[in-house]
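Residue numbers (the numbering used here): 8 to 567.
We put the CB at the ideal spot given by N, CA and C, even for glycine.
Keep in mind the model is a prediction, meaning the values are calculated, not measured.
Report on the following structure.
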Amino acid sequence: MRLTLKTKVLLLALVPVILFALVLSGAAAKILTDLAEHEVAQTRERLVEESRQELKHYMQIALGSVQSLYDGATQGDMASREQAIAILSKIKYGKDGYFFGHDSSVVRLFRGDSPVDVGKNLSERKDPNGVYVNRELVRVAKDGSNYVEYSSPLPTDESVLVPKLAYSYYLPKWDLALGTAVNLDGVAAQVAEVEAAIDERVSTILTSILVIAAIMLLVFGVAGLALSNAFLRPLQLIKENLDDIAAGEGDLTRRLPVASDDELGQLAGSFNRFVEKIHGLVRQIAEMTTQLTGLVGEVAAQAQRSEQAMERQRHETDQVATAINEMSAAAHEVAKSAQGAAEAAQQTDQEGQAAKKVVDGSISRIHALVGDIRESGQSLDSLQQDVQSIVSVLGVIRSIAEQTNLLALNAAIEAARAGEAGRGFAVVADEVRALASRTQQSTQEIQGMIDRLQQGTQASVTAMRRSSDAGEITSEQANQAGSSLDAIAGLIGTINAMNAQIASAAEEQTAVAEEINRSVHQIAVAVDSVADETRHGAATARSLSGLGERLGSLVRQFRI
């Protein structure tokens, strides 16, 4: 059972009084009961003693009536005994007092003036309580103790037992145990009256004690209630303030009045300091909650922007990966085209060597050219066809150079999109584009030379047809043609070297593209991981925002 502090204080004030009253009442009841029992016992003893003295007095009267006979009798004188019995059986006292006698064999000799049981041995007769009354009367008479207490039914109502007291005196000359008895029911009635009077006095005394205890309990209860109200009022105020903080408006600005310097005043002061500390803490928490809410909002916004930026970066990374794959394919095409250009340049070199041999033969026979104009014309036609082949090869080389230049331009654009990761590839693309430009320039120079060669050959043919006198001019043009073929051979070597560089650059470009592709894949994986972390951070920021709002709602429950 839950007890309030006020109840405990009241119990602290009342329980000692109740215990004192109970102990006092119990002790008084015990003492009074003991006194009453002692007084009743003394009264009974006194009344019984009075009865004994009365019986002894009557016995002395009876003995006095036969004293002269007894003094003159001898041992065993039955005649004088009979005379004495005649006298004794007629003696009466009181309402129903009489005398009776037994011999040593417990044979009744007389019983007043009644012949009942005279001459009978009554040694085995006993009262309802098991006392052998007649045997005891003879015994106490002989040993001098004289008195016997026993019970006997009333003559008028044998179902009612009354206590009796007998006095027996032994006359040895006559072998006569003379006795008389008196009913003690009067004693019992007097004892009962005394006992009733004593019980009434004891009840009165106990009632007085209980009334006094009740008055004391009431006085102490009122005093304890007043003191508890006075003592517990500050505690009640503390409880009300705590209840207000816990379940009410949460007003942390309230303080308890400190009206004393005792423990309750110190408790009120401690409570005020505690509330002051809580007030400061809640104020700081409110300020930090406001700051936290703002910071969490900024973090959430930053997380959202970072998430959008990561999404854009992942999209751009996918585009870079696609461009890298396209660039790698283009690099393979460049390498393939460079291989074809190398083969074409090799064929052109072979053709140039053949043309050089032809020109050398023409120069050696230039002086005989006049006589062999027709044969020379045929040789010049063959030379014109070879030059036409060279023009075709140069067209292929020019096309390859333009395509290489275009691919290098595209690679540079993709490298610029890749940013820092494509810087090395941009350098390679610039070198490839420079090589392609030089290849185009050399091709243009070769085209110019071939054009001039065609013009010179056509002029030689025309001159040979016009006149054999043009042999010298033809010889000089042939020398020029030989020089041009040497230059063509050198340019073709240059083209071969450029093609080798283009192939090497294409292979490097392919390797770099694959490396960039792997790097871009790793970047994409990292971007996905960063995006996941960014989304997780955004979710965390939203959770923090929710917690900040909850904390703010909790803090707003207090009045600060």
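Under the three-state DSSP convention, the category residue i falls into
{"i": "glutamate 318", "result": "helix"}
{"i": "serine 96", "result": "coil"}
{"i": "alanine 184", "result": "strand"}
{"i": "lysine 171", "result": "strand"}
{"i": "valine 155", "result": "strand"}
{"i": "arginine 563", "result": "coil"}
{"i": "arginine 549", "result": "helix"}
{"i": "aspartate 258", "result": "strand"}
{"i": "valine 114", "result": "strand"}
{"i": "tyrosine 176", "result": "strand"}
{"i": "glycine 126", "result": "coil"}
{"i": "asparagine 412", "result": "helix"}
{"i": "valine 265", "result": "coil"}
{"i": "proline 160", "result": "strand"}
{"i": "valine 303", "result": "helix"}
{"i": "serine 6", "result": "Outside the displayed span of the chain (8 to 567) sits residue 6, for which this structure offers no information."}
{"i": "valine 189", "result": "strand"}
{"i": "glycine 137", "result": "coil"}
{"i": "glycine 108", "result": "strand"}
{"i": "alanine 531", "result": "helix"}
Rounded straight-line distance, which links the Cα of residue j to that of residue i
{"i": "glycine 71", "j": "asparagine 153", "result": "17 Å"}
{"i": "lysine 127", "j": "serine 87", "result": "21 Å"}
{"i": "aspartate 41", "j": "valine 145", "result": "37 Å"}
{"i": "alanine 375", "j": "aspartate 388", "result": "18 Å"}
{"i": "alanine 422", "j": "arginine 430", "result": "6 Å"}
{"i": "lysine 63", "j": "tyrosine 174", "result": "7 Å"}
{"i": "serine 396", "j": "aspartate 325", "result": "47 Å"}
{"i": "valine 125", "j": "arginine 115", "result": "5 Å"}
{"i": "tyrosine 139", "j": "glutamate 44", "result": "30 Å"}
{"i": "glycine 384", "j": "aspartate 393", "result": "14 Å"}
{"i": "alanine 361", "j": "asparagine 412", "result": "31 Å"}
{"i": "glycine 559", "j": "threonine 541", "result": "26 Å"}
{"i": "proline 170", "j": "threonine 211", "result": "32 Å"}
{"i": "arginine 118", "j": "serine 96", "result": "7 Å"}
{"i": "glutamine 447", "j": "glycine 497", "result": "15 Å"}
{"i": "aspartate 258", "j": "valine 289", "result": "11 Å"}
{"i": "proline 122", "j": "alanine 34", "result": "58 Å"}
{"i": "valine 398", "j": "methionine 456", "result": "10 Å"}
{"i": "arginine 312", "j": "arginine 557", "result": "25 Å"}
{"i": "isoleucine 98", "j": "alanine 69", "result": "7 Å"}
{"i": "phenylalanine 278", "j": "leucine 263", "result": "8 Å"}
{"i": "aspartate 569", "j": "aspartate 150", "result": "Lying outside 8 to 567, the shown extent of the chain, residue 569 is not represented and no answer is given."}
{"i": "glutamate 452", "j": "glutamine 315", "result": "55 Å"}
{"i": "phenylalanine 27", "j": "leucine 239", "result": "26 Å"}
{"i": "asparagine 417", "j": "asparagine 332", "result": "13 Å"}
Short Cβ contact (8 Å threshold) for residue i with residue j
{"i": "arginine 424", "j": "alanine 330", "result": "yes"}
{"i": "valine 55", "j": "valine 201", "result": "no"}
{"i": "valine 47", "j": "isoleucine 219", "result": "no"}
{"i": "isoleucine 567", "j": "alanine 293", "result": "yes"}
{"i": "tyrosine 157", "j": "aspartate 134", "result": "yes"}
{"i": "alanine 415", "j": "alanine 443", "result": "yes"}
{"i": "alanine 546", "j": "glutamate 318", "result": "no"}
{"i": "leucine 401", "j": "threonine 450", "result": "yes"}
{"i": "lysine 180", "j": "tyrosine 100", "result": "no"}
{"i": "leucine 172", "j": "arginine 53", "result": "no"}
{"i": "glycine 555", "j": "threonine 300", "result": "yes"}
{"i": "valine 167", "j": "glutamate 61", "result": "no"}
{"i": "leucine 2", "j": "glycine 108", "result": "Since the displayed the chain opens at 8 and closes at 567, residue 2 lies outside it and no answer follows."}
{"i": "valine 435", "j": "alanine 351", "result": "no"}
Residue i burial status per 10 Å Cβ neighbour count (16 or more: buried)
{"i": "leucine 7", "result": "A question about residue 7 goes unanswered here, because the residues of the chain that appear run from 8 up to 567."}
{"i": "asparagine 136", "result": "exposed"}
{"i": "proline 241", "result": "buried"}
{"i": "glutamate 207", "result": "exposed"}
{"i": "alanine 408", "result": "buried"}
{"i": "leucine 191", "result": "buried"}
{"i": "valine 641", "result": "For residue 641 there is no data in the structure shown, the boundaries of the chain being 8 and 567."}
{"i": "alanine 91", "result": "buried"}
{"i": "glycine 553", "result": "exposed"}
{"i": "glutamate 479", "result": "exposed"}
{"i": "serine 467", "result": "buried"}
{"i": "alanine 93", "result": "exposed"}
{"i": "alanine 233", "result": "exposed"}
Distance cut-off 7 Å: residue i Cβ against heavy atoms of the ligand PLP
{"i": "valine 226", "result": "This structure does not include the ligand PLP; it has no bound ligands of any sort."}
Is there contact between the region 158-168 and the region 73-83, where contact requires at least three CB pairs shorter than 8 Å? no
Do the region 241-249 and the region 271-280 meet, that is, are 3 or more Cβ pairs less than 8 Å apart? yes
Just checking, does the region 305-319 make contact with the region 278-287 on the three C-beta pairs under 8 Å criterion? no
Taking one C-beta from the region 501-520 and one from the region 437-452 each time, how about it: are there three or more such pairs within less than 8 Å? Cβ pair count under 8 Å is three or more, so yes.
May I ask you to verify whether the region 219-228 touches the region 98-113, counting CB pairs closer than 8 Å and requiring at least 3? no
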